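In my numbering, the protein residues as written are 87 to 356. Taking it in order: structure first as structure tokens, then the write-up.
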């Protein structure tokens, strides 16, 4: 029976801690940092099967983004699931990616609120008070306290996630597997939908004259009257269709959006 060694788990955690934001782009964000952190685990589990090793690395190169410290629990869960998969458990790519997608959004919200939103300002307020008069204790306090606390929390959550991953496999592949998978897929859809509704904003500036100088049809108001935020919804659905059905990359989809924007501005729609 294959078992991930403690040293390999530490290597995986350390890679995530030091490299989670090292390879960033709008297309992938933390995907390659996640894949790199999984490399020691994958090598230990599938080292004798190069094709399976390649497939595992590719599996973890899917788009991923969360708050790195609190989110380290997802890395631990992924390690546990990979271990069970290597030992013959019926865990496919969809299960692993659904769990990652379903957890990354809520953990990002919790982590962003706790670490940069609450913990960092608290430490900085104390450090600023200690720094009055040029005292070097202030910055030293902040650096040492932040690094120590964040490192300890990240390590604890990673290892706890690994334990949860191994214990939760029976639920994921057992009788409740279908409902759990649907729940994670639904959670992921809600997260993506929430992001789209919050950050995608598209309006039309086109007005149609009806012959009466006091009566003008505002296209944007008509569209929102039919369905609120109809243009953002259509844009999101177009991007989804291009990427999922036409297998276009994110960069090509961005190019399509640029072309649509140029045409829309030219005809006076945007």
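The C-beta atom is built at its ideal place from N, Cα and C for all residues, glycine as well. Quick caveat: nothing in here was measured; it's all calculated off a predicted structure.
| Query | Result |
| --- | --- |
| Assigned secondary structure, residue 134 (DSSP; H/G/I helix, E/B strand, else coil) | coil |
| 4 or more residues per run - each alpha helix (DSSP H) lying fully within the stretch 138-205 | 158-172 and 179-200 |
| Beta-bridge pairing of residue 295 - partner residues as DSSP gives them | 302 |
| Assigned secondary structure, residue 100 (DSSP; H/G/I helix, E/B strand, else coil) | helix |
| Inter-residue spacing [alpha-carbon to alpha-carbon] between residue 132 and residue 184 | 22 angstroms |
| Local Cβ density within 10 Å of residue 293, reported as buried at 16 or more and exposed below that | exposed |
| Alpha-carbon to alpha-carbon, residue 301 and residue 115 | 48 angstroms |
| Reduced DSSP category for residue 95 - H, G, I as helix; E, B as strand; rest coil | helix |
| Bounding residues of the alpha helix (DSSP H) (the contiguous stretch that carries residue 345) | 336-352 |
| Identity of the residue in 162, 140 and 174 nearest residue 92 by Cα | 162 |
| Reference residue 95, options 150, 166 and 295, closest by Cα | 166 |
| Bridge-paired residues (DSSP) for residue 316 | For residue 316, which the question treats as bridged, DSSP gives no partner whatsoever. |
| Same chain only: Cβ atoms within 7 angstroms of residue 337, ignoring 5 sequence neighbours per side | 113 |
| Cβ neighbour criterion (16 or more within 10 Å) applied to residue 257 | Caution is warranted here: a pLDDT of 47 is assigned to residue 257, below 50, making its placement in the model unreliable, and the coordinate value is therefore given only provisionally. Classification for residue 257: exposed. |
| Environment of residue 366 [buried if 16+ CB atoms lie within 10 Å] | Since the first residue shown for the chain is 87 and the last is 356, residue 366 is missing from the structure and cannot be characterised. |
| Straight-line Cα distance separating residue 223 from residue 215 | 10 angstroms |
| Buried versus exposed call for residue 155 [16 or more other C-beta atoms within 10 Å across all chains shown] | buried |
| Residue 107 - DSSP class collapsed to helix/strand/coil | coil |
| Proximity below 9 angstroms, CB of residue 158 to CB of residue 210 | no |
| Pairwise C-alpha distance: residue 226 and residue 200 | 22 angstroms |
| Paired residues, beta bridge with residue 115 - DSSP | 150 |
| Contact set for residue 418: own chain, Cβ-Cβ below 6 angstroms, skip 5 residues either direction | The structure shown has nothing for residue 418, since the chain only spans 87 to 356. |
| For residue 289, the three-state DSSP class (helix, strand or coil) | coil |
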